[in-house]
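J.: Using my numbering, the first residue of the sequence shown is number 91, and each one after it goes up by one.
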Amino acid sequence: MKNPFSHILAAYRNNATIISWICIGLYIVAMIAALLIGCAAFESLIGFFVGLLFIVGGVFLCLIQNHYLRFQLAQNEFESEAIDTFVRFLSRRQTLTLVLAAAAFGFIVPHVTVPVHSGLRLAYAFGFGVLGGACGAGLACLISFIVKTAKKSYRTDREKYFWTLKNGGIPYSVIAVVGASAILVGLSFFAKNAEVSVPISTDYANSYLALQHSLSEENAELFTEHPNTLYETTALETTLDETQLNAAITESMRPREILIGKASYYFENFPSEYETSYHIVHVDGGAYVEVEVITIRLGNGEIFSTLVLNRALQGGINGLECVPLMQDSPDGISIFEFVLHTDPPLYESVTTQSNSISLVSILAAVALLLLIYTAIYLPRRKKFLKSRAPFPAE
């Protein structure tokens, strides 16, 4: 006779299948979002957190639905065999969904090591994402195996029991070793060698005075408020007077040659709050700070030279152009403006490098702890069960 509750269990099974596919869809959206935001919009950190939201949502959906179905089972008078069969099905579905969540998380993890306002190149994002996904899936499988082993009751099938211990403990221990090694080697290599696409910041200046203000005067408190000595410099004496500095840039005022040099300042007592803002070399008794120098030889023979002291420009200057404006002056004289291209500030890159090292250390510690737990726990459990399990005599 057909179980009167079989249609209810079939509906539960169908619901569990649908929810698991929805969760998988959320994980796929998370990976695509991380790639698009990181590689196309140059915002890898934002891409990581957007992807993380989708992954966390999928995990919560899976756990809530699993809890709901188990609660429903307890409210109906199902046969124990039917319940056991359904619970095993539900456990397999939940395990698969959580392993895929770990794989999706591993796929988007490389984006968190990238400087702010920049993104991974697509090949690196996909390649290291696949590596991270494999590590995440492997470690999730290891955790799942440990949990199942810990919850497993004594077996009565001796051959199957010993086959599980022999063929389960060793492969999953290998997974732990490979996962830990891959995380250590892969992410450490990635943090140092991955190519990053950086959207170049652009500033405009319509006079030499405006250019000097952008390069030297903004956020230069280190040099104006703390005693220092200009140690060496490639800067030349500027021959432009105040009127020329503040005048619009005409054809005769256009650069003929643009040079980027260096200058060094010596600080006997270097303020610690600027440690990550400038290129610093610490020596006994003080510190040297290195900055760039922009020197421009004009078409009329004049010289403009200034130090790049602005804290926000210490990531580096990619280029300095002098381009014509869309509209010339009313009297028909061509007017030009400077376009300054710069990398992200140095302090952002230094902070990100520190975060990358911390991330690699945390992931490696988790992987190694799982490895130690597996290597110690499984053999001890095997020995314990062999001495306690009531196997039938052959």
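Think of the CB as a built atom: it goes at the ideal place given N, C-alpha and C, for glycine as much as any other residue.
Measuring alpha carbon to alpha carbon, tell me which of Tyr355, Glu332, Leu403 ends up nearest phenylalanine 394.
T.: The residue with the shortest Cα to Cα distance from phenylalanine 394 is Glu332.
J.: Taking the beta carbon of asparagine 318 as the centre, do at least 16 other beta carbons fall within 10 Å, making it buried, or is it exposed?
T.: So asparagine 318 ends up on the buried side.
J.: In this structure, how does DSSP classify leucine 410 when only helix, strand and coil are distinguished?
T.: It is a strand residue.
J.: The beta strand (DSSP E) spanning arginine 139 covers which residue range?
T.: The amino acid at residue 139 is misidentified as arginine; the sequence shows phenylalanine. Run containing phenylalanine 139: none in the beta strand (DSSP E); it sits in the alpha helix (DSSP H), 134-165.
J.: How would you call proline 414, buried or exposed, if buried means at least 16 neighbouring beta carbons within 10 angstroms?
T.: Exposed: under 16 other Cβ atoms inside 10 Å.
J.: For histidine 316, report the span of its beta strand (DSSP E) as first-last.
T.: It is not in any beta strand (DSSP E) - histidine 316 carries neither H nor E in the DSSP assignment.
J.: Starting from tyrosine 355, trace the beta strand (DSSP E) in both directions and tell me its first and last residue.
T.: Where tyrosine 355 is concerned, the enclosing beta strand (DSSP E) stretches over 345-357.
J.: State the start and end residues of the unbroken alpha helix (DSSP H) segment that holds tyrosine 364.
T.: Unbroken run through tyrosine 364: none, as it is neither H nor E.
J.: Under 7 Å Cβ to Cβ from histidine 97, same chain only, skipping five residues before and after it: list those, please.
T.: Around histidine 97: no qualifying Cβ.
J.: My assumption, with CB atoms under 8 Å, is that glycine 137 sits in contact with alanine 124. Please give the rounded CB distance.
T.: Rounded, the Cβ-Cβ distance is 4 Å, consistent with contact.
J.: Taking the alpha-carbon positions, what's the threonine 385 to valine 220 distance?
T.: Their backbone Cα atoms lie some 47 Å apart in a straight line.
J.: Quick one, which of Ser354, Gly226, Pro200, Phe144 has its alpha-carbon nearest phenylalanine 218's?
T.: Taking only the C-alpha atoms, the option nearest phenylalanine 218 is Pro200.
J.: Counting C-beta neighbours from all protein chains within 10 Å, is the total for proline 345 16 or more, i.e. buried, or is it exposed?
T.: Classification for proline 345: buried.
J.: Taking only three categories from DSSP, how would you classify phenylalanine 485?
T.: Residue coverage of the chain in this structure runs from 91 to 484, which leaves residue 485 outside it and unanswerable.
J.: Using a 10 Å radius around the Cβ and a threshold of 16 neighbouring Cβ atoms, would you call phenylalanine 161 buried or exposed?
T.: Exposed: under 16 other Cβ atoms inside 10 Å.
J.: Taking just the CA atoms, how far does alanine 106 sit from methionine 91?
T.: Reliability fails at methionine 91, whose pLDDT of 45 lies under 50, so the model's placement of it is uncertain and the value that follows must be treated cautiously. Cα to Cα, methionine 91 sits roughly 26 Å from alanine 106.
J.: Identify, in the order they occur along the chain, each residue of the same chain with its Cβ nearer than 6 Å to the Cβ of valine 149, setting aside the five sequence neighbours on each side.
T.: Hits under 6 Å: Ala191.
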